[in-house]
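One structure is given here, and the rest of the page talks about it.
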Amino acid sequence: MTEELFERLARDAIPQAKEAAATQGYFSAGVDLAVDRGTKPATVTLTITPGEPTHIGGVNIEVTGPANDSPEGRAAIARLREEWLLPKAAQFRQETWTSAKRRAVTTLAASPYVAATATASEARVDPALYRADLSMTIASGPPFRVGAIAVTGLKRYSEELVRNFANVHTGDLHSQQALDDYVRRLLTSGYFASVQASIDNDVANADHATVTLSVIEAPSRRLEFGAGYSTDTQYRVSASYSDMNVDGRALQMYVSGRIESKVQQADLRFVRPPTPAGWIDTYATGVQRTDIENLVTETAAVTARRTGLDERRTPAFGVGFYANDQQPQGQPK
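So my numbering is basically just the index in the sequence shown, starting at one, shifted up by 57.
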């Protein structure tokens, strides 16, 4: 390194250090540079005196467009203001300022106003008062409604199966929360290993925006074995087998069994895919035998159950037959 280059780099370090301090809210930081040429190589020491940090004096977030005229839009606007990451009196940091703007737009875009964009933003800093006043303007764009639901990645299952899990339908106002709930339903169904959902944010298609679901199907068959020992039941072994597509039409089958010193049990369950009306039918049977405290209990059950898909208010009804027999060991039946 030449002496001229060394001197220039050393001088450049001072404004760079001040800029770094400013990103953390220290706009009046002092920087001293000392060079010790008695060492080999020379030692450069930067001493930064940060001074007082800058705090937020005021925040003004304006939203323009149709979002102000609908309950869903007003709720989203209230939420983005409530969840603003740099409230009054908080210490200004450039990284947080960037994140706050991004989060505000994302919050509005999670409502029907998918195409929301930031049109202006300003952080007006007064170093003498250690104060920053923030302002931001977001254009909401039009409300988006769900159009067609397109599914990609299917091999074994039909698009009808995916649509029957839906809690969003053509004509509904877009809601990111509803779309996330739809994805969660598909992931917990057992049919899919991965699901990603997106909506077309072209304002030209706002009245009929296509929702695209990209899925990766999970392995349809699974076999598990287990073995163990405990002081209560001593030795135990267990096995389970599941097939997510036993009939080629998405009928699920679950078979399980376990054998312990005091408990033996076997279960068989079939689960049909959801109907277009959002009902899932389950048919199950099982037997169990226990021998505890010299009391032998044998139980058998056959059940049928219909359950709705709604996670918050889940309607369910069913019918079942249960048989139970208890017999003290050594006593005649």
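Glycine included, each C-beta is placed from N, C-alpha and C at the ideal position.
Out of S192, V171, L244, the CA that lies nearest to the CA of A261 is found in V171.
Judged by DSSP in its simplified three-state form, E179 adopts strand.
In this structure, T111 places its C-beta atom within 8 Å of the C-beta atom of A189. By the beta-carbon neighbour count (other beta carbons within 10 angstroms, threshold 16), F282 is exposed. Residue pairing from DSSP places I349 in a beta bridge opposite L352.
A distance below 8 Å separates the beta carbons of P107 and Y83.
For Y248, there is no enclosing beta strand (DSSP E), as DSSP gives it neither H nor E.
Exclusion of the five residues before and after N381 leaves T356 as the residues of its chain whose Cβ lies within less than 6 Å of its Cβ.
A Cβ-Cβ contact shorter than 8 Å links I105 with A74. In the three-state DSSP reduction, Q81 falls in the coil class, being neither helix nor strand. In the DSSP assignment, L103 falls within the unbroken beta strand (DSSP E) covering 100-106. One alpha carbon belongs to A77, the other to V240, and they sit about 42 Å apart. Residue range 151-166 is occupied by the alpha helix (DSSP H) that includes T163.
Beta-bridge analysis with DSSP links A357 to V344, A380. When the beta-carbon positions are compared, F327 and Q309 come within less than 8 Å of each other. As summarised for the segment 243-329, the continuous beta strand (DSSP E) elements at least 3 residues long and confined to that stretch are 249-256, 266-274, 278-287, 291-300, 309-317, 320-328, given in chain order.
Out of A86, T267, E139, G122, the CA that lies nearest to the CA of H226 is found in T267.
A distance below 6 Å between beta-carbons, with the five flanking residues on each side excluded, links D93 to the following residues of its chain, in chain order: T100. With contacts defined by Cβ atoms closer than 8 Å, Y187 and E139 do not form a contacting pair. Going by DSSP, N117 is part of no alpha helix (DSSP H) but of the beta strand (DSSP E) stretching over 112-121. The C-alpha of G377 lies about 21 Å from the C-alpha of P331. Nearest in C-alpha terms to R369, of all of N224, T174, E119, is N224. Straight-line measurement puts the Cα of P333 at about 42 Å from the Cα of R293. For V219, the enclosing alpha helix (DSSP H) starts and ends at 216-221.
Where A196 is concerned, there is no enclosing alpha helix (DSSP H), although the beta strand (DSSP E) around it starts and stops at 188-196.
The secondary-structure analysis by DSSP pairs F63 with nothing; it has no beta-bridge partner. With 16 or more other Cβ atoms inside 10 Å of its own Cβ, R150 counts as buried. G95 counts as exposed, since fewer than 16 other beta carbons sit within 10 angstroms of its beta carbon.
Taking C-alpha positions only, D338 is separated from S313 by approximately 19 Å. Scanning its chain for C-beta atoms nearer than 7 Å, with the 5 sequence neighbours on each side dropped, one finds around K212 the residues E274, in chain order.
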